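Colleague: For what it's worth, my numbering labels the leading residue of the sequence shown as 1322, then goes sequentially.
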Amino acid sequence: MPEGDTIYRAARALQKAIGGKVVTGFETGLAKLARVNDDAPLVGRMVEKVESRGKWLLIFFSGDLILVTHMLMSGSWHLYRTGERWRMGRSRMRVVIRTEDWEAVAFNVPIAEFHTARSLERSSQVPKLGPDILAGEFTVAGGVERLAAYGREHPEAEIAVVLLNQRVLAGLGNVYKSEVAFAAGVNPFRAMRSITQKEMETMVEFAQRYMKANVMDGKGEGIVTYSGNRRTTHAMNREERLWVYRRQGQECRRCGATVMMRRQGEQARSTYWCPECQPWVDKLEIR
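(1) Between which two residues does the alpha helix (DSSP H) carrying residue 1510 extend?
(2) Could you tell me the distance, in whole angstroms, from the CA atom of residue 1419 to the CA atom of residue 1403?
(3) Report buried or exposed for residue 1341, applying the criterion of at least 16 other Cβ atoms within 10 angstroms of its Cβ.
(4) Cα-Cα, which of 1377, 1471, 1351, 1388 is closest to residue 1415?
(5) Taking the straight line between their C-alpha atoms, what separation do you get for residue 1390 and residue 1495?
(6) With residue 1374 and residue 1450 assumed to form a contact (beta carbons below 8 angstroms), what rounded beta-carbon distance in angstroms separates them?
(7) Which parts of the segment 1461–1545 are runs of the beta strand (DSSP E), unbroken and 3 residues or longer, counting only runs that do not cross its ends?
(8) Going by C-alpha to C-alpha distance, which of 1521, 1586, 1602, 1596 sits closest to residue 1569?
(9) Quick check on the burial criterion: 16 or more other C-beta atoms within 10 angstroms. Buried or exposed for residue 1509?
(10) Out of 1582, 1405, 1354, 1573, which one is the CA nearest neighbour of residue 1387?
(11) Over the uninterrupted beta strand (DSSP E) stretch that includes residue 1425, give me the two end residues.
(12) Using the DSSP secondary-structure output, state which residues sit across from residue 1398 in a beta bridge.
(13) Quick check on residue 1452: buried or exposed, where buried means 16 or more other Cβ atoms within 10 Å of its Cβ?
(14) Check whether the Cβ atoms of residue 1599 and residue 1592 lie closer than 7 angstroms to each other.
(15) Tell me the DSSP secondary structure of residue 1569 in three-state form.
(16) List the DSSP bridge partners of residue 1419.
(17) Quick one: what's got a C-beta closer than 8 angstroms to residue 1536's C-beta in the same chain, skipping five residues either side?
(18) Do residue 1335 and residue 1371 count as a contact pair if the criterion is CB distance below 7 angstroms?
(19) With a CB to CB cut of under 8 angstroms and the five nearest residues on each side skipped, what residues in its chain are close to residue 1504?
(20) Keeping to the same chain, check which residues put their C-beta closer than 8 angstroms to that of residue 1512; ignore five residues upstream and five downstream.
(21) Return the CA-CA distance between residue 1457 and residue 1368, expressed in angstroms with no decimal places.
(22) To the nearest angstrom, report how far apart residue 1506 and residue 1361 are at their CA atoms.
(23) Please confirm whether residue 1496 has its beta-carbon closer than 7 angstroms to some beta-carbon of chain D.
(24) If you follow the alpha helix (DSSP H) that residue 1335 is in, where does it begin and where does it stop?
(25) Nearest CA to the CA of residue 1376: which residue from 1356, 1343, 1432, 1424?
(26) Can you tell me whether residue 1594 is buried or exposed? The criterion is at least 16 other CB atoms within 10 Å of its CB, across all chains shown.
(27) Tell me the residue span of the beta strand (DSSP E) that contains residue 1370.
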């Protein structure tokens, strides 16, 4: 599943390509989008801005129309120069937004909805997101505050499950969940009641550091849609780019113990950890 850094890069690339441009063509394979376009055509509207909010991507058009998409497990946005051949088949196309020079194509996107500013505010998901870790206004203190507040309300919730909760912190996915817990030396199955203020600060700091490090490309005028394999270690070898994620049965890069994996939470997401670097602790901190 694309995580917040992937969506951030996609939004940045789309903004550079089609932001401020007039829509010259629109296609969709989704009936509910087609109905909106029939009633309020996109052609002639300007793409005012493209932005990410956690794992959601929002394209704002003039005339108070917003296209909201979520990639889930398999969706992606592609950019092509006008007339360039697509790298995926047309049967996978869900949305095409054309401008004079570019085609922005959404493939396999399972969630795509049009909203007005008012209807978006009433949406059950996007407005209720926690602070976006990649947002310019995000602070470690604010992230810790959200974690601590959730912990007080849900003391038995497991920390790795909470890190995936987009209403607590927006943007973290399954890779970062395991990597952040490892970096902080926190066992991912510990209950929130056992997590100290310092541990929360460390996890939020690493979450911001890792995610920012993976969106550094694209500061120039060029359009960057992919910057290579996600990385949390300093190693340049692609086989050594992560601490524990998908390394079940291999040696921990820090201590040599065997990295473990277990399914966790209602969605049975895979969680990776080192039992030596992330020992079990079951203590209650009085806040």
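Just so you know, even glycine gets a beta-carbon here, dropped at the ideal spot from N, CA and C. Computed from a predicted model, the values in this text were never measured in an experiment.
Modeller: Let's see:
(1) For the purposes of this step, residue 1510 is identified with residue 189 of the sequence shown, where counting begins at 1. Element bounds for residue 1510: n/a, residue is neither H nor E.
(2) In the sequence shown, the residue the question calls residue 1419 occupies position 98. In the sequence shown, the residue the question calls residue 1403 occupies position 82. One C-alpha to the other measures close to 8 angstroms.
(3) Position 20 of the sequence shown, counted from the start, is the residue given in the question as residue 1341. It counts as exposed.
(4) Working through the sequence shown from its first residue, we reach residue 1415 at position 94. Nearest of 1377, 1471, 1351, 1388 to residue 1415, Cα basis: 1351.
(5) Taking the sequence shown and counting its residues from 1, one reaches residue 1390 at position 69. Taking the sequence shown and counting its residues from 1, one reaches residue 1495 at position 174. Straight-line Cα distance between these residues: approximately 19 angstroms.
(6) For the purposes of this step, residue 1374 is identified with residue 53 of the sequence shown, where counting begins at 1. For the purposes of this step, residue 1450 is identified with residue 129 of the sequence shown, where counting begins at 1. Yes, residue 1374 and residue 1450 are in contact; Cβ-Cβ is about 6 angstroms, under 8 angstroms.
(7) none
(8) As a working note, residue 1569 is residue 248 in the sequence shown. For residue 1569, the nearest C-alpha among the options comes from 1596.
(9) For the purposes of this step, residue 1509 is identified with residue 188 of the sequence shown, where counting begins at 1. Flag for residue 1509 reads buried.
(10) Looking up residue 1387 in the sequence shown gives position 66. Checked all of 1582, 1405, 1354, 1573; the closest Cα to residue 1387 is 1354.
(11) Indexing the sequence shown from 1 puts residue 1425 at position 104. Looking at the DSSP string, the run of the beta strand (DSSP E) that includes residue 1425 is 1423–1428.
(12) Taking the sequence shown and counting its residues from 1, the one referred to as residue 1398 is at position 77. Bridge partners of residue 1398: 1427.
(13) Your numbering for residue 1452 matches position 131 in the sequence shown. Buried, by the Cβ-count rule.
(14) One-based indexing of the sequence shown puts residue 1599 at position 278. One-based indexing of the sequence shown puts residue 1592 at position 271. It is not a contact, given that the beta carbons lie outside the stated cut-off.
(15) For the purposes of this step, residue 1569 is identified with residue 248 of the sequence shown, where counting begins at 1. Looking at residue 1569 - three-state DSSP - the assignment turns out to be coil, as it is neither helix nor strand.
(16) By 1-based counting over the sequence shown, the position of residue 1419 is 98. DSSP output for residue 1419 lists 1346, 1424 as bridge partner(s).
(17) The residue given as residue 1536 occupies position 215 in the sequence shown. Hits under 8 angstroms: 1326, 1329, 1330, 1333, 1455, 1548.
(18) As a position in the sequence shown, residue 1371 is number 50, starting the count at 1. As a position in the sequence shown, residue 1335 is number 14, starting the count at 1. A contact, by the Cβ cut-off of 7 angstroms.
(19) By 1-based counting over the sequence shown, the position of residue 1504 is 183. 1523, 1524, 1527, 1531, 1553, 1564, listed in sequence order.
(20) Looking up residue 1512 in the sequence shown gives position 191. These residues qualify, in order along the chain: 1476, 1477, 1478, 1479, 1480, 1603.
(21) Mapped onto the sequence shown, residue 1457 falls at position 136. Mapped onto the sequence shown, residue 1368 falls at position 47. Rounded to whole angstroms, residue 1457 to residue 1368 spans 22 angstroms at the Cα level.
(22) Taking the sequence shown and counting its residues from 1, one reaches residue 1506 at position 185. Taking the sequence shown and counting its residues from 1, one reaches residue 1361 at position 40. About 53 angstroms.
(23) Considering every chain present, this structure includes no chain D. It has just one protein chain.
(24) What you label residue 1335 is simply residue 14 of the sequence shown in a count that begins at 1. Run containing residue 1335: 1325–1339, per the alpha helix (DSSP H) assignment.
(25) Looking up residue 1376 in the sequence shown gives position 55. Answer by Cα proximity: 1432.
(26) As a first step, residue 1594 must be located in the sequence shown, where it is residue number 273. Buried.
(27) For this step, residue 1370 is matched to residue 49 along the sequence shown. Residues 1368–1374.
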